[in-house]
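Single-structure report; data block below.
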Amino acid sequence: MIDRVWEPDPIITEAVLDGRRRLRDLSTEDAEWAVATMSVMGRTVTTIAELLGCTPRHVKRIRARGTTQLMIGYAIERQMRLDAESRAAEATRTARRATAELERATGRADRLEREAFTRRPRVA
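Position 105 of the sequence shown, counting from 1, maps to 105 under the UniProt record's numbering, and the rest follow consecutively.
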C-alpha cells in the first residue's frame, strides 16, 4: 500500500532557478524533479550544483537514481507535449489569419467584379 503520493510541483524548478530554494529545502522527490528538469533544460551538473548549493558529485548521484531517470523521461515527454501544443496553437492562429485574409480578398474581388460589370458599356 502506498502511504503517500508525490506529484511534480511545477514551481519547484522555477524556485531553484530563482535562488528561492536550495537542496536542503527540498524533499528527496522534489530534489530529483529539480535535477531532472534542469538536466532536460540543458543545465550542466556544475550549474545545477551551484543552484542547489551542493557539490557536482551530489548532483551526479541524484541524477543517477532510477526515479530521477524516470523523471527525466517524464520531463522530456512533458516538454515534447508542451512544444506540440504550442505549435498546434500557432498553426491554429496562422490558419485563422489566413482564413480572414482570404475572406477579405474574396470580398475585394467580388466588389471589383461588380464594379467592373456595372461600368461595362452594354452592347445592344
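Just so it is clear, CB atoms sit at the ideal spot from N, CA and C, and this is done for glycine as well.
Only a predicted model underlies this, so the values are computations on that prediction, with no experimental measurement involved.
Minimum C-alpha distance to residue i - residue among the options
i: A36; options: E14, R24, G19; result: E14
i: P56; options: V45, A64, I62; result: V45
i: R4; options: A100, S27, S86; result: S27
i: T47; options: Q69, R93, L112, V16; result: V16
Straight-line Cα distance separating residue j from residue i
i: A89; j: R119; result: 45 Å
i: A31; j: I76; result: 17 Å
i: A116; j: R104; result: 18 Å
i: L51; j: D18; result: 9 Å
i: A95; j: R24; result: 49 Å
i: W33; j: A100; result: 44 Å
i: P8; j: L70; result: 12 Å
i: E29; j: K60; result: 15 Å
i: D110; j: L102; result: 12 Å
i: M80; j: R108; result: 42 Å
Whole-Å CB distance - residue i paired with residue j, under 8 Å assumed
i: R22; j: G42; result: 21 Å between Cβ atoms; not a contact.
i: I11; j: S39; result: Incorrect: roughly 18 Å between the Cβ atoms, too far for contact.
i: A49; j: H58; result: 7 Å
Inside the segment 8–43 only - alpha helix (DSSP H) runs reaching at least 4 residues: Every alpha helix (DSSP H) stretch that sits fully inside the segment 8–43 and reaches 4 residues is listed by chain position as 12–17, 28–40.
Contiguous alpha helix (DSSP H) assignments of at least 4 residues, all confined to the segment 36–98: Counting only runs that start and end inside the segment 36–98, the alpha helix (DSSP H) elements of at least 4 residues fall at 45–52, 56–64.
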